[in-house]
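For what it's worth, our numbering labels the leading residue of the sequence shown as 6, then goes sequentially.
Here is the structure we will look at.
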Amino acid sequence: MPAAERVLAGRYRLISVIGAGGMGEVWEALDLTLQRPVAVKEVRLPAGLPDLDRDMLHKRMMREALLTARLNHPGIITIHDVVSIDGRPYIVMELLPSHSLAEEIDLHGPLPAEKVAKIGLQLLDALGVAHRSGIIHRDVKPSNVLLGDDGRVVLTDFGIATSLSDGSLTTAGLVVGSPTYMSPERLRGEGIGPATDMWSLGATLYAALEGHPPFQATSALGTITAVLVDELRAPSSQGPLHDALVGMLEKDPSQRSTQAQARPLLQRASGSAISGSVGSDSHTAVEIPAAAVDPTSAVAADWQHGGSTSHSRGRRSAMPLAMALLLVALVAVVGVVGWL
6 MPAAERVLAG RYRLISVIGA GGMGEVWEAL DLTLQRPVAV KEVRLPAGLP
56 DLDRDMLHKR MMREALLTAR LNHPGIITIH DVVSIDGRPY IVMELLPSHS
106 LAEEIDLHGP LPAEKVAKIG LQLLDALGVA HRSGIIHRDV KPSNVLLGDD
156 GRVVLTDFGI ATSLSDGSLT TAGLVVGSPT YMSPERLRGE GIGPATDMWS
206 LGATLYAALE GHPPFQATSA LGTITAVLVD ELRAPSSQGP LHDALVGMLE
256 KDPSQRSTQA QARPLLQRAS GSAISGSVGS DSHTAVEIPA AAVDPTSAVA
306 ADWQHGGSTS HSRGRRSAMP LAMALLLVAL VAVVGVVGWL
């Protein structure tokens, strides 16, 4: 059957691929039952996974997608359905005319501080809803942030990121993803929580402001080293946005800024009035210039925006030989799979 005629579960007609990457393909599709356009993500697992891990990941992706479908927030991509065909999960989502923050950075370079702060507020609201529901995203990065044509800032790949990053895999120490936006504690294989997402949010906003991630090298090992031991090069913006980013990128999760601490700083940086309620949603529309991308682009969130490697990082902290050896041992045990 030609790709254009594929119908999943007797309901979703695949029309055309609108995004592709290491984690799979995203299709524009038509829900034949409700006669509405949708996006369908066909998930692809890493090659070489043992069958036991592959089966377990499929089940967890189904479970996490179903949990994420319960989240109702304009800053979280809406999941309509999850279907499994021949053991492969397909996630059916809203089709959002948009482009990713990664594409925005690539096309226009560093964003103005006020716009970065407004994007940060909407993402902070979305993460707050997820965290209160017991869901940690674990993969916040520019390519997983969609800038809607309607001004919405939407975080995607919740269930997929959570499942694929699960540390209880039988393959010892497998970590899936690029280390560029991973928190130090996650790279060390320690426990994770809301602070983990706060680091990734800080790194994402830093990349939007500066045009490149806060820590990056030409290899996965070099990037891991930078995240774990390099000093942060201070953001170019001064004032509340500077303080917000520095606080979110604190390497010690116990000292890292919480949502309650970051919110007023982002509000001041965005020019918004500070709300008396810490948990209140901002819902600040962000004016996004039209990007030279397909306006029907939906959830093409697999492409990892790497930024320029020519930017110098902050002064490298002194790293004792013992720590260097420990880092090498860590990388030998932990497989970091960068899906580009």
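For every residue, glycine included, the Cβ atom is placed at its ideal position computed from N, Cα and C.
- Between the region 143–153 and the region 201–213, the count of C-beta pairs closer than 8 angstroms reaches three or more; the two stretches touch.
- Annotation: V43 to A274 spans about 35 angstroms, alpha carbon to alpha carbon.
- In the three-state scheme derived from DSSP, where H, G and I count as helix and E and B as strand, I82 is classed as coil.
- C-alpha of L132 to C-alpha of L37: approximately 32 angstroms in a straight line.
- Around the CB of R261, 16 or more other CB atoms lie within 10 Å, so the residue is classed as buried.
- About 20 angstroms separates the Cβ atoms of P258 and S183, ruling out a contact at the 8 angstroms cut-off.
- Judged by beta-carbon spacing, V45 lies beyond the 7 angstroms limit of G29, meaning their Cβ atoms are not closer than that value.
- Going by DSSP, G153 is part of the beta strand (DSSP E) stretching over V150 to G153.
- A direct Cα-Cα distance of roughly 9 angstroms separates P219 from A231.
- By the criterion of a C-beta distance shorter than 7 angstroms, A118 is surrounded in its chain by L214, S242, L246 and A274, once the five residues flanking it on both sides are discounted.
- Counting every other CB atom within 10 Å of its CB across the protein chains shown gives S138 a total below 16, marking it as exposed.
- For L116 against Q272, the beta-carbon gap comes to about 17 angstroms, at or over 8 angstroms, which does not count as contact.
- For a cut-off of 8 angstroms, the C-beta gap from G80 to V158 is around 6 angstroms, short enough to register as a contact.
- Sequence-distant Cβ neighbours of G252 in its own chain, meaning closer than 6 angstroms and more than five residues away, are S262.
- No residue range can be given for G92, since it is assigned to no beta strand (DSSP E) and is classified by DSSP as neither H nor E.
- Taking a C-beta distance under 7 angstroms as the contact criterion, E109 and L152 qualify as a contact pair.
- In the structure shown, H217 adopts coil according to DSSP, grouped into three states.
- Contact annotation: V88 and L13 have beta-carbon atoms nearer than 7 angstroms.
- Beta-bridge partners of M98 (DSSP): A44 and I84.
- Partner residues in the beta bridge of V12, as assigned by DSSP, are R18.
- Judged by DSSP in its simplified three-state form, I124 adopts helix.
- DSSP places S275 in the helix class (H, G or I) of the three-state scheme.
- In the structure shown, L237 falls within a coil segment according to DSSP collapsed to helix, strand and coil.
- Of the residues D154, L57 and R59, the one whose Cα lies closest to the Cα of S105 is D154.
- Distance from the CA of G24 to the CA of L226, rounded to the nearest whole angstrom, comes to 28 angstroms.
- Just so you know, the alpha carbons of M61 and P102 end up roughly 33 angstroms apart.
- Under the DSSP assignment, D111 falls in the alpha helix (DSSP H) whose first and last residues are L106 to H113.
- As the crow flies, the alpha-carbon of D111 is around 14 angstroms from that of V150.
- In the structure shown, S103 adopts extended strand secondary structure according to DSSP, grouped into three states.
- Contact between E99 and H85 holds: CB atoms are separated by about 7 angstroms, below the 8 angstroms threshold.
- Between the beta-carbon of L71 and that of I140 there is about 11 angstroms, and that puts the pair past the 8 angstroms contact cut.
- Membership of D56 in the alpha helix (DSSP H) is indicated by the continuous run D56 to T73.
- In the assembly as shown, V22 is an exposed residue. Its beta-carbon has fewer than 16 other beta-carbons within 10 Å.
- In the structure shown, V159 falls within a strand segment according to DSSP collapsed to helix, strand and coil.
- Between V134 and L50 a beta carbon distance of about 28 angstroms is seen, past the 8 angstroms cut, so the two are scored as non-contacting.
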